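Student: Its first residue numbered 1, the sequence shown is counted upward by one per residue in the UniProt record's numbering.
From the three backbone atoms N, C-alpha and C, an ideal C-beta is built for every residue, glycine too.
Since the structure is predicted, the reported quantities are computational estimates derived from the model, not experimental observations.
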Amino acid sequence: YSDNQPAVTIQVYQGERTMTSDNMLLGRFNLNGIPPMPRGVPQIEVTFEIDADSIVRVKAKETSSGKEESITITNDTDRLSSDDIERMVAEAEAHKAEDEARRGRVEARNKLESFAFQVRNSAREDDVKAKLGADAEAVERAAGEALEWLDANEGADADAFEERRQQLEAVVAPVFSKMAGGGGGMPGSEPVGATPPAGEAHTGPVVEEVD
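1. How many Å lie between residue 212 and K129 at the Cα?
2. How far does the alpha helix (DSSP H) with E60 in it reach, from first residue to last?
3. Would you verify that the beta carbon of A146 is, or is not, closer than 8 Å to some beta carbon of chain D?
4. Between M4 and the rest of its own chain, which residues show a CB-CB distance below 6 Å, the 5 nearest in sequence each way excluded?
5. Hey, A123 and E100: beta-carbon distance below 8 Å or not?
6. Within 10 angstroms of its Cβ, does Q14 collect 16 or more other Cβ (buried), or is it exposed?
7. Which same chain residues, not among the five before or five after E56, have their C-beta less than 6 Å away from its C-beta?
8. Starting from S70, trace the beta strand (DSSP E) in both directions and tell me its first and last residue.
9. Whole angstroms are fine: how far does the CA of D22 sit from the CA of Q118?
10. Report back the beta-carbon spacing between A92 and E16 to the nearest angstrom; my notes put them in contact at under 8 Å.
11. Is it buried or exposed, T9, if we count other Cβ atoms within 10 angstroms and call 16 or more buried?
12. May I ask you to verify whether the region 29 to 44 touches the region 61 to 68, counting CB pairs closer than 8 Å and requiring at least 3?
13. Can you tell me whether Q43 is helix, strand or coil according to DSSP?
14. From the DSSP output, which residues share a beta bridge with Q11?
15. Beta-carbon within less than 8 Å of V171's beta-carbon, same chain only, minus the 5 sequence neighbours each way: which residues are those?
16. Determine the direct distance from the alpha carbon of M179 to that of A97, and round the result to whole angstroms.
17. May I have the straight-line CA-CA distance separating R165 from A116, to the nearest angstrom?
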(Lines of atoms letter the chains of each structure in order from A and count residues from 1; the text may use other names and numbers.)
(Lines give C-alpha, C1' and ligand atoms only; values in the text may rest on other atoms or scores of the structure.)
Protein backbone atom coordinates (compact mmCIF):
# COMPACT_ATOMS: atom_id res chain seq x y z
CA TYR A 1 0.00 0.00 0.00
CA SER A 2 1.12 3.57 -0.65
CA ASP A 3 0.15 7.21 -0.35
CA ASN A 4 -2.50 8.32 -2.87
CA GLN A 5 -3.24 4.73 -3.88
CA PRO A 6 -6.11 4.88 -6.43
CA ALA A 7 -7.35 1.29 -6.08
CA VAL A 8 -7.44 -1.75 -3.83
CA THR A 9 -7.98 -5.42 -4.69
CA ILE A 10 -10.62 -7.36 -2.74
CA GLN A 11 -10.19 -11.14 -2.64
CA VAL A 12 -12.85 -13.62 -1.50
CA TYR A 13 -11.86 -16.97 0.02
CA GLN A 14 -13.62 -20.08 1.25
CA GLY A 15 -12.13 -22.23 3.98
CA GLU A 16 -11.55 -22.81 7.66
CA ARG A 17 -7.92 -21.77 8.09
CA THR A 18 -6.66 -18.52 9.56
CA MET A 19 -4.39 -17.52 6.67
CA THR A 20 -5.81 -16.88 3.22
CA SER A 21 -2.94 -18.84 1.67
CA ASP A 22 -4.43 -22.00 3.22
CA ASN A 23 -7.93 -21.36 1.83
CA MET A 24 -9.54 -21.44 -1.62
CA LEU A 25 -9.78 -18.25 -3.68
CA LEU A 26 -13.32 -17.82 -5.06
CA GLY A 27 -12.93 -14.49 -6.78
CA ARG A 28 -11.39 -11.03 -6.75
CA PHE A 29 -12.29 -7.54 -7.89
CA ASN A 30 -10.82 -4.05 -7.80
CA LEU A 31 -12.25 -1.01 -6.07
CA ASN A 32 -11.04 1.87 -8.24
CA GLY A 33 -11.37 5.62 -7.96
CA ILE A 34 -10.18 6.01 -4.37
CA PRO A 35 -9.52 9.74 -3.78
CA PRO A 36 -5.86 10.72 -3.15
CA MET A 37 -5.13 10.33 0.55
CA PRO A 38 -2.13 9.42 2.74
CA ARG A 39 -1.56 5.75 3.35
CA GLY A 40 -3.65 4.51 6.26
CA VAL A 41 -6.40 7.13 5.84
CA PRO A 42 -8.85 5.54 3.35
CA GLN A 43 -11.52 3.42 5.00
CA ILE A 44 -12.88 0.47 3.01
CA GLU A 45 -16.10 -1.24 4.14
CA VAL A 46 -16.53 -4.80 2.88
CA THR A 47 -19.89 -6.56 3.28
CA PHE A 48 -20.90 -10.16 2.51
CA GLU A 49 -24.36 -11.50 1.73
CA ILE A 50 -25.23 -15.18 1.26
CA ASP A 51 -28.71 -16.15 0.09
CA ALA A 52 -30.64 -19.39 0.43
CA ASP A 53 -29.12 -20.68 -2.83
CA SER A 54 -25.59 -20.13 -1.47
CA ILE A 55 -24.96 -17.26 -3.87
CA VAL A 56 -22.40 -14.92 -2.33
CA ARG A 57 -22.43 -11.17 -2.97
CA VAL A 58 -19.47 -9.12 -1.80
CA LYS A 59 -19.44 -5.32 -1.88
CA ALA A 60 -16.57 -2.95 -1.12
CA LYS A 61 -17.14 0.77 -0.46
CA GLU A 62 -14.71 3.64 0.13
CA THR A 63 -16.47 5.63 2.84
CA SER A 64 -15.36 9.19 2.05
CA SER A 65 -16.35 9.14 -1.63
CA GLY A 66 -19.06 6.49 -1.59
CA LYS A 67 -17.31 4.74 -4.47
CA GLU A 68 -18.21 1.05 -4.49
CA GLU A 69 -17.76 -2.14 -6.49
CA SER A 70 -19.09 -5.66 -6.01
CA ILE A 71 -18.84 -9.27 -7.13
CA THR A 72 -21.35 -12.11 -7.22
CA ILE A 73 -20.12 -15.65 -6.74
CA THR A 74 -22.57 -18.32 -7.90
CA ASN A 75 -22.61 -22.05 -7.53
CA ASP A 76 -21.13 -22.27 -11.03
CA THR A 77 -17.90 -20.96 -9.53
CA ASP A 78 -15.46 -23.57 -8.25
CA ARG A 79 -16.47 -24.17 -4.64
CA LEU A 80 -15.32 -26.60 -2.02
CA SER A 81 -17.07 -29.96 -1.99
CA SER A 82 -18.44 -31.43 1.22
CA ASP A 83 -15.38 -33.71 1.35
CA ASP A 84 -13.08 -30.70 0.91
CA ILE A 85 -14.86 -28.84 3.70
CA GLU A 86 -14.61 -31.84 6.03
CA ARG A 87 -10.91 -32.15 5.23
CA MET A 88 -10.25 -28.45 5.81
CA VAL A 89 -12.13 -28.48 9.12
CA ALA A 90 -9.89 -31.33 10.27
CA GLU A 91 -6.78 -29.47 9.05
CA ALA A 92 -7.88 -26.32 10.86
CA GLU A 93 -8.20 -28.24 14.12
CA ALA A 94 -4.83 -29.96 13.62
CA HIS A 95 -3.09 -26.63 12.92
CA LYS A 96 -5.04 -24.56 15.46
CA ALA A 97 -2.06 -23.59 17.64
CA GLU A 98 0.11 -22.80 14.63
CA ASP A 99 -2.61 -20.71 13.00
CA GLU A 100 -3.23 -18.75 16.20
CA ALA A 101 0.47 -17.93 16.45
CA ARG A 102 0.56 -16.79 12.82
CA ARG A 103 -2.56 -14.69 13.34
CA GLY A 104 -1.04 -13.07 16.41
CA ARG A 105 2.13 -12.14 14.53
CA VAL A 106 0.25 -10.63 11.59
CA GLU A 107 -2.16 -8.71 13.82
CA ALA A 108 0.70 -7.32 15.94
CA ARG A 109 2.50 -6.22 12.78
CA ASN A 110 -0.63 -4.55 11.41
CA LYS A 111 -1.30 -2.86 14.74
CA LEU A 112 2.17 -1.31 14.72
CA GLU A 113 1.86 -0.22 11.08
CA SER A 114 -1.59 1.30 11.57
CA PHE A 115 -0.52 3.17 14.70
CA ALA A 116 2.65 4.52 13.08
CA PHE A 117 0.77 5.82 10.04
CA GLN A 118 -1.93 7.32 12.26
CA VAL A 119 0.73 9.19 14.21
CA ARG A 120 2.60 10.30 11.09
CA ASN A 121 -0.54 11.54 9.33
CA SER A 122 -1.75 13.40 12.43
CA ALA A 123 1.63 15.10 12.87
CA ARG A 124 1.42 16.39 9.28
CA GLU A 125 -1.95 18.11 9.72
CA ASP A 126 -1.64 21.89 9.77
CA ASP A 127 -3.77 22.41 12.89
CA VAL A 128 -1.84 19.72 14.76
CA LYS A 129 1.51 21.17 13.73
CA ALA A 130 0.35 24.58 14.95
CA LYS A 131 -0.52 23.14 18.36
CA LEU A 132 2.52 20.90 18.74
CA GLY A 133 5.10 23.38 17.50
CA ALA A 134 8.59 21.87 17.52
CA ASP A 135 7.19 18.59 18.89
CA ALA A 136 5.42 17.90 15.58
CA GLU A 137 8.71 17.20 13.84
CA ALA A 138 9.85 14.89 16.64
CA VAL A 139 6.56 12.97 16.52
CA GLU A 140 6.70 12.56 12.74
CA ARG A 141 10.33 11.45 12.97
CA ALA A 142 9.47 8.85 15.62
CA ALA A 143 6.68 7.46 13.43
CA GLY A 144 9.00 7.37 10.44
CA GLU A 145 11.62 5.47 12.40
CA ALA A 146 9.00 2.93 13.47
CA LEU A 147 7.97 2.40 9.85
CA GLU A 148 11.60 2.01 8.79
CA TRP A 149 12.07 -0.56 11.56
CA LEU A 150 8.99 -2.39 10.31
CA ASP A 151 10.32 -2.54 6.75
CA ALA A 152 13.63 -3.92 8.03
CA ASN A 153 12.07 -6.47 10.40
CA GLU A 154 9.17 -8.04 8.51
CA GLY A 155 10.11 -11.43 9.93
CA ALA A 156 9.90 -10.32 13.58
CA ASP A 157 7.61 -12.12 16.00
CA ALA A 158 4.48 -10.73 17.66
CA ASP A 159 6.30 -9.71 20.83
CA ALA A 160 8.85 -7.66 18.88
CA PHE A 161 6.14 -5.84 16.93
CA GLU A 162 4.26 -5.07 20.14
CA GLU A 163 7.41 -3.89 21.89
CA ARG A 164 8.19 -1.52 19.01
CA ARG A 165 4.63 -0.17 19.08
CA GLN A 166 4.91 0.50 22.79
CA GLN A 167 8.20 2.31 22.23
CA LEU A 168 6.52 4.61 19.71
CA GLU A 169 3.57 5.13 22.05
CA ALA A 170 5.92 6.09 24.89
CA VAL A 171 7.35 8.87 22.71
CA VAL A 172 4.15 10.31 21.24
CA ALA A 173 1.56 9.79 23.98
CA PRO A 174 2.88 12.55 26.27
CA VAL A 175 2.99 14.98 23.34
CA PHE A 176 -0.58 14.38 22.21
CA SER A 177 -1.78 14.23 25.80
CA LYS A 178 -0.34 17.68 26.40
CA MET A 179 -1.95 18.98 23.21
CA ALA A 180 -5.34 17.56 24.22
CA GLY A 181 -5.13 19.05 27.70
CA GLY A 182 -4.50 15.72 29.35
CA GLY A 183 -7.07 13.78 27.33
CA GLY A 184 -4.41 11.42 26.02
CA GLY A 185 -5.81 11.13 22.50
CA MET A 186 -4.79 12.07 19.00
CA PRO A 187 -7.13 14.36 17.01
CA GLY A 188 -10.00 12.48 15.44
CA SER A 189 -8.98 9.12 16.87
CA GLU A 190 -9.20 6.90 19.90
CA PRO A 191 -6.88 7.71 22.79
CA VAL A 192 -3.32 6.63 22.17
CA GLY A 193 -2.90 3.01 23.20
CA ALA A 194 -6.62 2.33 23.37
CA THR A 195 -7.84 -1.19 22.69
CA PRO A 196 -10.97 -2.03 20.67
CA PRO A 197 -14.21 -2.41 22.63
CA ALA A 198 -15.21 -5.92 23.62
CA GLY A 199 -16.88 -7.79 20.80
CA GLU A 200 -14.91 -6.09 18.02
CA ALA A 201 -12.11 -8.61 17.83
CA HIS A 202 -11.33 -9.79 14.31
CA THR A 203 -12.29 -13.40 13.74
CA GLY A 204 -12.00 -13.92 9.96
CA PRO A 205 -9.03 -15.13 7.94
CA VAL A 206 -5.93 -12.95 8.08
CA VAL A 207 -4.48 -11.58 4.84
CA GLU A 208 -0.72 -11.40 5.12
CA GLU A 209 0.76 -8.71 2.89
CA VAL A 210 3.55 -9.93 0.63
CA ASP A 211 5.70 -8.15 -1.91
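Tutor: Reading it off the structure:
1. For residue 212 there is no data in the structure shown, the boundaries of the chain being 1 and 211.
2. The amino acid at residue 60 is misidentified as Glu; the sequence shows Ala. It is not in any alpha helix (DSSP H) - A60 instead sits in the beta strand (DSSP E) that spans V56 to E62.
3. Although the question refers to chain D, the structure presented lacks it and comprises just one protein chain.
4. Note that residue 4 is Asn in the sequence shown, not Met. Excluding sequence neighbours, N4 sits near P36.
5. In terms of Cβ geometry, A123 and E100 do not form a close pair [threshold 8 Å].
6. Under this definition Q14 is a buried residue.
7. At residue 56 the sequence reads Val, which differs from the Glu that was named. Excluding positions up to five away in sequence, the list reads I50 and I73.
8. Its beta strand (DSSP E) spans residues E68 to I73.
9. When rounded, the distance between both Cα atoms is 31 Å.
10. With a Cβ gap of about 4 Å, A92 and E16 count as contacting.
11. In summary, T9 is exposed, with fewer than 16 beta-carbon neighbours lying within 10 Å of its beta-carbon over all protein chains present.
12. Yes, the region 29 to 44 touches the region 61 to 68.
13. Three-state result, Q43: coil.
14. Bridge partners of Q11: R28.
15. Within the same chain, and ignoring the five residues on either side of V171 in sequence, the residues whose Cβ sits closer than 8 Å to its Cβ are A138, V139 and A142.
16. The straight-line gap from Cα to Cα measures roughly 43 Å.
17. Distance between the alpha carbons of R165 and A116 is about 8 Å.
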